[in-house]
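> Before I ask anything, here is the structure I am working with.
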Amino acid sequence: MVDKRMQLTPPTLPEDPADALAAVGALRRLADQVEDAAVERALHDGWSWTDVAEALGVTRQAVHKKHARRLRGTGVGLRRGAR
Amino acid sequence: MAFERFTKDARATVMAARAEALAAGHATIEAEHLLLALSERPDLQALGLDREQLSYALAAEEERSLAAVGVAASGPDEPIGPRRPRDPQFATSAKLALHRAVSAAAKRGDRRLDARHVLLGVLGAQYGRVPRALQIAEIDVDALRARI
Chain A
1 MVDKRMQLTP PTLPEDPADA LAAVGALRRL ADQVEDAAVE RALHDGWSWT
51 DVAEALGVTR QAVHKKHARR LRGTGVGLRR GAR
Chain B
1 MAFERFTKDA RATVMAARAE ALAAGHATIE AEHLLLALSE RPDLQALGLD
51 REQLSYALAA EEERSLAAVG VAASGPDEPI GPRRPRDPQF ATSAKLALHR
101 AVSAAAKRGD RRLDARHVLL GVLGAQYGRV PRALQIAEID VDALRARI
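Same order as they appear, the protein sequences are chains A and B.
Under our numbering, the first residue of the first sequence carries the number 1, and numbering increases by one thereafter.
Under our numbering, the first residue of the second sequence carries the number 1, and numbering increases by one thereafter.
Below you can see the structure in the form of structure tokens.
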């Protein structure tokens, strides 16, 4: 049962547009880094490319194209059936 | 982009910027990578470019920009950082810096574009990571520009 008193604190927008816009770029870079790290960890843990794609909300082709070459030679993504 | 007008030094700077992005594990080559590449040059260090200072300022800029929307490092887990390098491509901030470098050379009446012009191009941005980092480092950009 969800406690109706729970409150979420949404991120606030910096007042200075320069700061707010700078945050956009920083978040995009961070998102890239989180994606790289998360995909690598998932594959290392034995996830299939298909499951990684579903978790990201993209196609298997897209995630494979983006990450496979980068991770080649690191021993991930080689799980049996991970095509 | 008239690369044939670039001196050997300017071309080396552009290639070094790509190496910076690769080394940092970044997906794109930005003006900040040009700045770091330029700071490796002794002739520009003599004008006041300090790589360590600039690296620190760039890292601080990133931290501050994320903190401004509530994202901060926390917890004992492995910090998320750049991973194995992708094949970085030149992105807008770097391309604009180079376009400004071309203008700077033209304005000075210089036929060839060298590393100094690239620096002028990098310094010419009003907004973005580079000017913000320069502000954090308390670098007097106008004074630096005058010395170039």
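Ideal placement from N, C-alpha and C gives every residue a C-beta, glycine not left out.
Within its chain, find whatever has a CB closer than 7 Å to the CB of residue 20 of chain A; leave out the 5 residues flanking it on each side and keep chain order.
So the list reads 13 and 14, once near-sequence residues are dropped.
> Would you say residue 52 of chain A faces chain B, with C-beta separation under 8 Å as the test?
No, residue 52 of chain A lies away from the interface with chain B (no Cβ there is under 8 Å from its Cβ).
> Measuring only between beta-carbons, confirm whether residue 139 of chain B sits less than 8 Å from chain A.
No, because no Cβ of chain A sits closer than 8 Å to the Cβ of residue 139 of chain B.
> Quick check on residue 33 of chain A - is its C-beta less than 8 Å from some C-beta in chain B?
Yes, contact with chain B.
> Is it buried or exposed, residue 80 of chain A, if we count other Cβ atoms within 10 angstroms and call 16 or more buried?
Annotation note: pLDDT 48 at residue 80 of chain A (below 50); position unreliable, coordinate value reported separately. Exposed, since its Cβ has fewer than 16 Cβ neighbours within 10 Å.
> Would residue 148 of chain B and residue 47 of chain B qualify as a contact pair, given that the criterion is a beta-carbon distance under 8 Å?
Yes, they are a contact pair.
> Could you say if the segment 119-138 of chain B and the segment 93-108 of chain B meet the contact criterion of at least three C-beta pairs nearer than 8 Å?
Judged by Cβ distances under 8 Å, the segment 119-138 of chain B makes contact with the segment 93-108 of chain B, as three or more pairs qualify.
> Using a Cβ-Cβ cut-off of less than 7 Å, give me the residues of the segment 24-47 of chain B that come near chain C, in sequence order.
Of the chains in the structure shown, none is chain C; the protein chains are A and B.
> Going by other Cβ atoms of all chains shown within 10 Å of its Cβ, with 16 needed for buried, is residue 6 of chain B buried or exposed?
Counting Cβ neighbours within 10 Å, residue 6 of chain B comes out buried, since at least 16 surround it.
> Just checking: is the beta-carbon of residue 30 of chain A within a distance shorter than 8 Å of some beta-carbon in chain B?
It does; some Cβ of chain B falls within 8 Å.
> Are there 16 or more other CB atoms within 10 angstroms of the CB of residue 55 of chain A, so buried, or fewer, so exposed?
When all chains shown are included, residue 55 of chain A counts as exposed.
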